[in-house]
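Comments concern the structure below.
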Amino acid sequence: MSALEEVGQSLATTVTKATDAQEAIAAAGNAWNERGQKLTEHLSGTNNADAQHLLDQHETTAESMREAWRKITLALRAIQRYRTSIEGEPTPLEPTRPEAEPVPTPEPIKSPHGDSYPPRAAGLAEHLDKRVTSGVGEKTMGVGRFGDDGPPLPPMHSGMSKHYSQIIRERLKSAGLNPKWVDGHVEANFAALMIDGKQPHGELAINNVPCGIERQRSFPNTCDKALPCLLPEGYSLTVYGSRQDGSTFTKTYRGRVQP
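What follows is the structure, given as structure tokens:
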């Protein structure tokens, strides 16, 4: 075996281990979210400072898991570029799956809480909390994936993120939009995750619908209006949701050319 072949073999082993680590992080994120649900149920409404600190720390840990997943993604991309440079042609990180015609599913799928979601949300909606009740301050939860067949990523919740909210604000301001309110929404945070990881296509299931669909339609800055401006040209994000009346929601947002 030549030295170049040994390097290629070593890189392939690294890719396998890194991919396994990503899957472990995703599984840990789901388990951590279940723990958070139980904590929220038991501590909801309390004014105890220690209890509030515990809830805050839980979300901080969840954010750290997402950040670790993001860093592995960037490392895998760097490895892929190097493998391409030494091997002369791209080597997919995962075996390419043959394309197949989608099997039509007439009925919507159900979350564990009985909420209806589009069939294409399968693999994502199963991890969601019960659909939020509009107007009572509940945080929207989202579970996404890159591409249309990637593994589910660790759950995300609406709220400000030191890293992703900054990406949102910078891109929307450059597009001439006010990022207020939108920069803390889960759909925008996931779009920022896509941008940060250079993932041009993604899917996101949320236990809600984007703001501007059922409520706040007259607002100048909603996720429904801002997502096409937030996403770069060539990017697309399909959002799956569950409406207040029990029907399903699907909409694909495509990035626009910045002025």
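With UniProt numbering, the residue at position 102 of the sequence shown is 102, and numbering never jumps. Virtual Cβ for every residue (Gly too), placed ideally from N, Cα, C.
8 Å contact criterion, which residue i and residue j should meet: CB distance rounded
{"i": "Leu193", "j": "Tyr240", "result": "Their Cβ separation, rounded to whole angstroms, is 17 Å, which puts Leu193 and Tyr240 out of contact at 8 Å."}
{"i": "Met160", "j": "Val186", "result": "So it is not a contact: roughly 11 Å between Cβ atoms."}
{"i": "Ser242", "j": "Tyr253", "result": "About 18 Å; that fails the 8 Å criterion."}
{"i": "Lys225", "j": "Gly212", "result": "6 Å"}
{"i": "Pro228", "j": "Gly246", "result": "That belief does not hold up - the Cβ atoms of Pro228 and Gly246 are roughly 28 Å apart, past 8 Å."}
{"i": "Glu7", "j": "Ile79", "result": "With the sequence shown as reference, residue 7 is identified as Val, and Glu is not the correct amino acid for it. Contact doesn't hold; Cβ gap of about 11 Å is too wide."}
{"i": "Arg215", "j": "Ser116", "result": "So it is not a contact: roughly 19 Å between Cβ atoms."}
{"i": "Leu153", "j": "Leu230", "result": "About 18 Å; that fails the 8 Å criterion."}
Neighbourhood of residue i by C-beta distance below 8 Å, restricted to the same chain and skipping five residues each side
{"i": "Ala68", "result": "Ile25"}
{"i": "Phe190", "result": "Gly142, Gly144, Met156, Gly202, Leu204, Leu237"}
{"i": "Ile72", "result": "Ala18, Ala21, Gln22, Ile25"}
{"i": "Glu63", "result": "Ser161"}
{"i": "Glu107", "result": "Pro119"}
{"i": "Val257", "result": "Glu233"}
{"i": "Cys223", "result": "Val182, His185, Glu187, Ala188, Pro210, Cys211, Gly212"}
{"i": "Asp196", "result": "Arg70, His163, Tyr164, Ile167"}
{"i": "Val103", "result": "Below a pLDDT of 50, predicted positions are generally treated as unreliable, and Val103, at 48, falls in that range; the measurement from the model is reported next regardless. Hits under 8 Å: none found."}
{"i": "Leu11", "result": "Ile79, Tyr82, Arg83"}
Close Cβ partners of residue i (< 7 Å) along its chain, the five nearest in sequence each way excluded
{"i": "Pro151", "result": "Glu23, Ala26, Arg145"}
{"i": "Gly147", "result": "His201"}
{"i": "Glu126", "result": "Ser111, Pro112"}
{"i": "Thr105", "result": "In this prediction, Thr105 has a pLDDT of 41, which is less than 50 and means its spatial position is unreliable; nothing more can be read from the coordinates."}
{"i": "Thr91", "result": "For Thr91, the predicted model reports a pLDDT of 49, less than 50, meaning its position is unreliable and no value from the coordinates is stated."}
{"i": "Glu138", "result": "Val132"}
Delimiting residues of the beta strand (DSSP E) encompassing residue i
{"i": "Lys251", "result": "248–254"}
Bridge partner(s) assigned by DSSP for residue i
{"i": "Arg145", "result": "Glu203"}
{"i": "His157", "result": "Met141"}
{"i": "Lys110", "result": "Ser116"}
Same chain, Cβ closer than 6 Å to residue i, five either side skipped, listed in chain order
{"i": "Asn207", "result": "Leu128, Asp129, Arg131, Val132, Met141"}
{"i": "Lys251", "result": "Val239"}
{"i": "Asn178", "result": "Asn221"}
{"i": "Ala124", "result": "Contrary to the premise, residue 124 reads as Leu rather than Ala in this sequence. Cβ within range, chain order: Val143, Pro152, Ala205."}
{"i": "Arg66", "result": "Pro154"}
Could you name each continuous beta strand (DSSP E) segment of 3 residues or more that falls completely within the stretch 167–252, going from the start of the chain to the end? Secondary structure within the stretch 167–252: the beta strand (DSSP E) runs of 3 or more consecutive residues, fully enclosed, are 201–206, 236–242 (chain order).
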